[in-house]
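Scroll down for the structure; my scribbles are underneath it.
Residue numbers (our numbering): 8 to 51.
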């Protein structure tokens with residue numbers, strides 16, 4: 008729900024305690040390339 012509302016995959020990664028963005032992407036079921044682009048644009 009947070010991802011859908013914000014598009015902030017980096018925040019989700021931190022909240023879930025994932026060390027790799029790929030794990031978060033797999034968990035959310037989003038495209039890896041899209042997720043990496045979003046993560047690169049997000050500062051936390």
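Using N, Cα and C, we set each Cβ at its ideal position, and we do this for glycine too.
Q) By Cβ distance, which residues of its chain are closer than 7 Å to residue 10, with the 5 residues on each side in sequence left out? A) What you label residue 10 is simply residue 3 of the chain shown in a count that begins at 1. Hits under 7 Å: 16, 19, 35.
query = Expressed to the nearest angstrom, what Euclidean distance is found between the alpha-carbon atoms of residue 31 and residue 47?
reply = For the purposes of this step, residue 31 is identified with residue 24 of the chain shown, where counting begins at 1. For the purposes of this step, residue 47 is identified with residue 40 of the chain shown, where counting begins at 1. If you take the alpha carbons of residue 31 and residue 47, they lie about 14 Å apart.
- Query: Excluding the five sequence neighbours on either side, which residues of its own chain have a C-beta within less than 7 Å of the C-beta of residue 23, listed in chain order?
  - Reply: Here residue 23 is taken as the residue at index 16 of the chain shown, counted from 1. Correct list, in chain order: 31, 34.
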